[in-house]
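Below you'll find the structure, written out as structure tokens, and then a few comments.
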Amino acid sequence: MELFFTIVALLSYPWTIVLCSADPKQTRWPLYSRKPLILVWNAPTEDCAPRHGVTLSLDQFYIIASPNEGFVRQNLTIFYKERLGLYPYYEEGGTAVNGGLPQLASITQHCEKMPEGVQKYIREPEAKGLAVIDWEEWRPLWIRNWDIKDVYRNKSREMVKLKNPTWSPDKVAKVAQQEFELSARKFMLETLKYAKV
Numbered sequence: 138m139e140l141f142f143t144i145v146a147l148l149s150y151p152w153t154i155v156l157c158s159a160d161p162k163q164t165r166w167p168l169y170s171r172k173p174l175i176l177v178w179n180a181p182t183e184d185c186a187p188r189h190g191v192t193l194s195l196d197q198f199y200i201i202a203s204p205n206e207g208f209v210r211q212n213l214t215i216f217y218k219e220r221l222g223l224y225p226y227y228e229e230g231g232t233a234v235n236g237g238l239p240q241l242a243s244i245t246q247h248c249e250k251m252p253e254g255v256q257k258y259i260r261e262p263e264a265k266g267l268a269v270i271d272w273e274e275w276r277p278l279w280i281r282n283w284d285i286k287d288v289y290r291n292k293s294r295e296m297v298k299l300k301n302p303t304w305s306p307d308k309v310a311k312v313a314q315q316e317f318e319l320s321a322r323k324f325m326l327e328t329l330k331y332a333k334v
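Take 138 as the starting number for the sequence shown in my numbering and just add one per residue.
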């Protein structure tokens, strides 16, 4: 597939900036030649024209957007948490989904399930465009999981403390951080590796 997968944290902005790096060992053609910066539109604007009579022509600003903001046969495909593999996360009430933590998730099962989502949302194998993995529940860097995302740090510390009840809180926190970050990195890298196939 000639699609480029990019992990993007969309936060709450109606657009996302995706930077295209100049990789000296590039193995594929650049998606957009001579474009060091790509703007990607991700806002629910499909009702602007029918409801409010406002037509948004984003292409005049060289912004990549889904023509009809649909989910298939677009030049921009967004994979949310339930659409690509078995992404581990916690629901608002604290219920673990797919293990909850990256260190408890099965990367093998996740990668085996990924083709199902890709085939559902990218139906033509020769399709060209952007594919964005939009996973916002946790961040691979420990220090970036604050506020509502602090559940990932708390659960990681609980898991280490259960295995090592005599350890000091500092040692528990240090090991929990290492386990989380190593697992998160591996989960993200394996996802990208399988997504590019």
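All C-beta atoms, glycine included, are put in the ideal place defined by N, C-alpha and C.
Count the other C-beta atoms from every protein chain shown that fall within 10 angstroms of the C-beta of residue i, then say buried if there are 16 or more, exposed otherwise.
i, result
"Ala186", "exposed"
"Gly231", "exposed"
"Val191", "exposed"
"Asn282", "buried"
"Thr328", "buried"
"Arg290", "buried"
"Arg322", "exposed"
"Arg171", "exposed"
"Phe324", "buried"
Would DSSP call residue i helix, strand or coil?
i, result
"Thr214", "strand"
"Pro233", "The question names Pro, but residue 233 is Ala in the sequence shown. Residue state, collapsed to three classes: strand."
"Tyr224", "coil"
"Glu263", "coil"
"Thr245", "helix"
"Arg188", "helix"
"Glu253", "helix"
"Leu195", "helix"
Throw me the rounded Cβ distance for the residue i and residue j pair, which I believe falls under 8 Å.
i, j, result
"Leu223", "Lys250", "5 Å"
"Lys218", "Trp275", "Contact flag wrong, Cβ pair sits at about 10 Å."
"Gln240", "Ser320", "4 Å"
"Asn212", "Pro225", "30 Å between Cβ atoms; not a contact."
"Glu292", "Leu238", "In the sequence as displayed, the identity of residue 292 is Lys instead of Glu. Contact flag correct, Cβ pair sits at about 6 Å."
Just the Cα atoms here: how many angstroms apart are residue i and residue j?
i, j, result
"Gly266", "Thr214", "8 Å"
"Leu140", "Val269", "Low local confidence applies: a pLDDT of 43 at Leu140 is under 50, so the model's placement there is unreliable, with the coordinate-based value given in what follows. Cα-Cα distance, rounded: 9 Å."
"Val309", "Leu326", "26 Å"
"Ile280", "Thr245", "27 Å"
"Cys157", "Phe317", "Because the pLDDT at Cys157 is just 43, under 50, the model does not fix this residue reliably, and the value given afterwards should be weighed accordingly. Whole-angstrom Cα-Cα distance: 27 Å."
"Glu263", "Val255", "12 Å"
"Glu229", "Val288", "10 Å"
"Arg220", "Lys330", "17 Å"
"Cys248", "Lys333", "12 Å"
"Ile259", "Glu183", "20 Å"
"Pro302", "Leu195", "56 Å"
"Val297", "Val312", "7 Å"
"Asp284", "Glu295", "17 Å"
"Gln315", "Ala233", "20 Å"
"Arg188", "Lys286", "36 Å"
"Asp307", "Pro252", "41 Å"
"Trp304", "Ser243", "27 Å"
"Phe216", "Lys257", "11 Å"
* Asked: What are the uninterrupted segments assigned as alpha helix (DSSP H) that are 4 or more residues long and contained completely in the segment 265 to 333, given in chain order?
  -> 287 to 300, 306 to 332
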